[in-house]
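*Asks:* I'd like to ask you about the structure that follows.
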Amino acid sequence: MSSATVEFNDAGLNTWSDEETFEVTRERIAEYAAATNDPIAAHLKGDVAPPVFAIVPVFEAMMMPVIDVAPMNIFGRVVHGEQDFHFHRPIRPGDKLVARARAIGFEGKDNGSTITIHIETRSEAGELVNEQYLTAFFRNVDVGRQVGAAAPAHRFDKALA
Numbered sequence: 001m002s003s004a005t006v007e008f009n010d011a012g013l014n015t016w017s018d019e020e021t022f023e024v025t026r027e028r029i030a031e032y033a034a035a036t037n038d039p040i041a042a043h044l045k046g047d048v049a050p051p052v053f054a055i056v057p058v059f060e061a062m063m064m065p066v067i068d069v070a071p072m073n074i075f076g077r078v079v080h081g082e083q084d085f086h087f088h089r090p091i092r093p094g095d096k097l098v099a100r101a102r103a104i105g106f107e108g109k110d111n112g113s114t115i116t117i118h119i120e121t122r123s124e125a126g127e128l129v130n131e132q133y134l135t136a137f138f139r140n141v142d143v144g145r146q147v148g149a150a151a152p153a154h155r156f157d158k159a160l161a
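For the sequence shown, the numbering used here assigns the number 1 to the initial residue and increments by one for each residue that follows.
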């Protein structure tokens, strides 16, 4: 299948989404742990969230910036590429979290194009809890250029360089 040429909107980059709030409960943590077959007792009891639970509070916010950059008619071609988590502290029951997201860059490739989304989760008081970098991949879509930033390199990628 040949790639369709598509225009992405540069003006949609680096614009934060509306903030989404999420109240963390012991029950929600325990349900997530059970649903993901997590064997760790503290997760199953809801004492502390498993690391990947960090996706739950940001789920609504994370795709909004994609709409600001990519045209709606290609959304049937999008797949989840990568997701990098940068943890500043664990998520605990009773946390009131605030999430927001922004597209930071896009890049055309031979077999499709990527958009990188930076997602931030903070406590209600403003403490940074975690950051995430989501790379959405649009199959067989060619934007023909690179604009903005990609996700930061992993520490192990830097060690291999």
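Where is the CB? At the ideal position from N, CA and C, for every residue including glycine.
Name the DSSP bridge partner or partners of residue 96?
*Replies:* For residue 96, which the question treats as bridged, DSSP gives the partners 23.
*Asks:* My assumption, with CB atoms under 8 Å, is that residue 58 sits in contact with residue 119. Please give the rounded CB distance.
*Replies:* Contact flag correct, Cβ pair sits at about 5 Å.
*Asks:* Return helix, strand or coil for residue 143, following the three-state DSSP convention.
*Replies:* Correct three-state label for residue 143: coil.
*Asks:* With DSSP as the reference, label residue 122 as helix, strand or coil.
*Replies:* Strand.
*Asks:* Do you know whose CA, among 36, 67, 44, lies nearest residue 55's CA?
*Replies:* It is 36.
*Asks:* Thinking just about the alpha-carbon of each residue, which of 70, 91, 133, 74 is nearest to the one in residue 51?
*Replies:* Comparing Cα positions, the closest option is 91.
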